[in-house]
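In the working numbering, the protein residues as written are 354 to 480.
What follows is the structure in structure tokens.
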């Protein structure tokens, strides 16, 4: 598993900022292809299929994220650092399926945990 970063971040979904989240993590995981020779020694060790996931917590979203999760809508998730972002890394997960856990604080719905798995991830530069 490669963990790319963990810091406060803004999250855009389908191009619009939907939430500012804490403890954002983006993970790239691969299955390993292993084959052994007749003596039981490793003969092949290669990367197999990849999975791309993100997790985060403590967000104050508008209702869009919850509506997209309820609608089982695949989304593009763009994660980048909050604050002075110009020139920093950003990561885009394409065709992401969302899982959302919510709670309530005063007069607002809050995201206590959000996660998703995307079809692919690309690295770019934040605006």
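Even glycine gets a Cβ: it sits at the ideal position worked out from N, Cα and C.
Because the structure is a prediction, the values reported are computed rather than measured.
Pair within 7 angstroms by beta-carbon distance, residue i and residue j
| i | j | result |
| --- | --- | --- |
| residue 431 | residue 472 | no |
| residue 375 | residue 399 | no |
| residue 429 | residue 447 | yes |
| residue 422 | residue 377 | no |
| residue 401 | residue 384 | yes |
Cα-Cα separation between residue i and residue j, rounded to whole angstroms
| i | j | result |
| --- | --- | --- |
| residue 356 | residue 408 | Because residue 356 carries a pLDDT of 40, less than 50, the predicted location of this residue cannot be relied on, and no value is offered for it. |
| residue 478 | residue 379 | 16 angstroms |
| residue 470 | residue 450 | 6 angstroms |
| residue 387 | residue 381 | 19 angstroms |
| residue 465 | residue 475 | 26 angstroms |
| residue 468 | residue 405 | 11 angstroms |
| residue 441 | residue 434 | 7 angstroms |
Continuous alpha helix (DSSP H) stretch holding residue i: start and end
| i | result |
| --- | --- |
| residue 426 | Run containing residue 426: none; DSSP gives neither H nor E here. |
Residue span of the beta strand (DSSP E) that contains residue i, given as start and end
| i | result |
| --- | --- |
| residue 380 | 369–389 |
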